[in-house]
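S.K.: Here it is, the structure, as C-alpha cells.
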Amino acid sequence: MTVQKWRLFLFVGLSIAGCEPDVTGSIRAKVIGESQRGTYRLVDRQIDNVVSLRELRTTRFDFRAGSSLNQVIDGKKEWTKIQYDRGRPFHLAFHLEDGVVVADDDRSLEALSTLDRYEMAARYLMARGAPEVPALDVMFRPRIDSVIVGDQRGTFSDNAAYAGIFRSFLVLPPFLLQWIPLHLNLGVSAHEYGHSVVHQIVDSENAMPEEIIESNDFDSMNEGVSDLFGYAVTGDPNFILASVGNLPGIDRNIAEPKDYPAALAVEVSTQKRRFRPTRSRQLFGSSHL
262 MTVQKWRLFL FVGLSIAGCE PDVTGSIRAK VIGESQRGTY RLVDRQIDNV
312 VSLRELRTTR FDFRAGSSLN QVIDGKKEWT KIQYDRGRPF HLAFHLEDGV
362 VVADDDRSLE ALSTLDRYEM AARYLMARGA PEVPALDVMF RPRIDSVIVG
412 DQRGTFSDNA AYAGIFRSFL VLPPFLLQWI PLHLNLGVSA HEYGHSVVHQ
462 IVDSENAMPE EIIESNDFDS MNEGVSDLFG YAVTGDPNFI LASVGNLPGI
512 DRNIAEPKDY PAALAVEVST QKRRFRPTRS RQLFGSSHL
C-alpha cells in the first residue's frame, strides 16, 4: 500500500470512528466519578434527559466552547463590567462500546464527567425540595480578558464558579492542583449548583441584582448554604480534601466550628467586611462575577 493510500485509509478510518450518530434520552457513560467517599476512578454512570450528546446538552445544562468573559470599563458608572459571549456548542468526541458512551479524548472525558457531577447534584437537591432551575450554560474553559491587564487565562485557573449575572457555570483548567480537579469534585459541583438554587429562590427571572451581589450578608449566607449543599450531596463535611490534599492554609471543613464574634457581625452588617467561615474562597465558590 502506498503512503498516499495509507494516509487516506487512516483518515477515513478515524473519521468513521469519530462519527457516531448523535444520542438523546438516557445514556450510560464512562466518567470520572466517586467510587466511595473522596475516592475517584472511572465509573459507569447513567445520565438522563440528554437533548444532544454530541453537543453535550441536557434539559438542565448546555455546555459551550469558545465562550469568553471580557472585562471592560463602563464609562457611565466608572467601574468595570463583564461582557459575556456564549460561544458555540461543545463538540463531544465519543464512541459506543456495547451501548456505553466512551469519550475519545481527555477534553471530552473531562467535560462528560463534569456534566455527570452537575446532573447528580441537581437530581439530589430537587428530589429534596429544591426549586427547578432553568437550563444553565456551562462555559468550558472560557477565555478571560481584561482591557486593563489583558488575557487572564493564566491566572484564572484551578477553580470552579457560578456566575449569577450570566446564569452560567465556569469550568476552568487545573494547572496547580495535582489532585482531582475542582469541577470534577462532586461536593464542589454541588456547592456551585447550590449557588444557582439560591439565585432561583432570590430572583428567579433575572440576573442576580447588583445590590444583592454586593451585600456582605447575602454573600456570606450564599457561600455557607452552598457548602451545606456540598455536604448534603456527598455526606462528607470536608469534601474539598479530594482536590486540595494536604495543602496548607485551606480550611473548608464545615464540621469544624468557626467563630463569629459580635464585632465581626457589626462589620459585616455595615458592609465593612465580608465574613467567610472558610479561608480558601480563592479555590472555588465565586458566585458573583
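Position one of the sequence shown corresponds to residue 262 (my numbering), numbered consecutively onward. We put the CB at the ideal spot given by N, CA and C, even for glycine.
What number of angstroms, rounded off, separates the C-alpha of Gln461 from the C-alpha of Ser296?
M.R.: Whole-angstrom Cα-Cα distance: 31 Å.
S.K.: Tell me which residues share the same chain as Trp340 and place their Cβ nearer than 7 Å to its Cβ, disregarding the 5 neighbours each side in the sequence.
M.R.: Note that Trp340 scores a pLDDT of 48, beneath 50, so its modelled location is shaky; the value from the coordinates is reported in the next line. Contacts found: none.
S.K.: Assuming His356 is part of the beta strand (DSSP E), what are its boundary residues?
M.R.: Here the beta strand (DSSP E) through His356 covers 355-358.
S.K.: Give me the DSSP bridge partner(s) of Ile343.
M.R.: Partner(s): Gln332.
S.K.: Are the segment 380-387 and the segment 444-454 in contact at 8 Å, needing three or more beta carbon pairs?
M.R.: Yes, since at least three Cβ pairs between the segment 380-387 and the segment 444-454 fall closer than 8 Å, the two stretches touch.
S.K.: For Ser369 and Val304, I'd like the C-alpha separation in whole angstroms.
M.R.: Near 15 Å, if we compare the C-alpha coordinates of Val304 and Ser369.
S.K.: In the DSSP assignment, find the unbroken beta strand (DSSP E) run with Gly286 in it and report its ends.
M.R.: Residues 286-297.
S.K.: Taking contact to mean at least 3 C-beta pairs separated by less than 8 Å, is the segment 303-319 in contact with the segment 284-291?
M.R.: Touching, yes.
S.K.: Going by Cα to Cα distance, which pick from Ala524, Val459, Arg318 is closest to Thr375?
M.R.: When only C-alpha atoms are compared, the closest one is Arg318.
S.K.: Would you kindly check if the distance between the Cβ of Ile293 and the Cβ of Leu445 is under 7 Å?
M.R.: Yes.
S.K.: If I'm right that Ile308 touches Asp377 with Cβ under 8 Å, what's the distance once you round it to whole angstroms?
M.R.: 6 Å between Cβ atoms; contact.
S.K.: Hey, out of Gln344, Phe322, Glu517, Trp440, whose CA is closest to Gln332's CA?
M.R.: Checking every option, the nearest Cα to that of Gln332 belongs to Gln344.
S.K.: In the DSSP assignment, find the unbroken alpha helix (DSSP H) run with Ser429 in it and report its ends.
M.R.: No alpha helix (DSSP H) contains Ser429, which is instead part of the beta strand (DSSP E) from 429-432.
S.K.: Could you work out which residue in Gly485, Leu443, Asp464, Glu371 is closest to Asp419 when comparing CA atoms only?
M.R.: Looking at the Cα atoms, Leu443 is the closest of the given residues.
S.K.: Closest by CA to Ala514, which one among Arg349, Phe500, Val505?
M.R.: Note on identity: in this sequence residue 514 is Asn, with Ala being the wrong assignment. Of the candidates Arg349, Phe500, Val505, the one whose C-alpha sits nearest the C-alpha of Asn514 is Phe500.
S.K.: If you compare alpha carbons, which of Glu371, Leu437, Arg347, Pro395 is closest to Ile405?
M.R.: Selected option, being the one with the closest Cα: Arg347.
S.K.: Just to confirm, are Pro392 and Ser329 a CB contact at a threshold of 7 Å?
M.R.: Contact: no.
S.K.: Mark Leu373 as exposed unless 16 or more other C-beta atoms lie within 10 angstroms of its C-beta, in which case mark it buried.
M.R.: Counting Cβ neighbours within 10 Å, Leu373 comes out buried, since at least 16 surround it.
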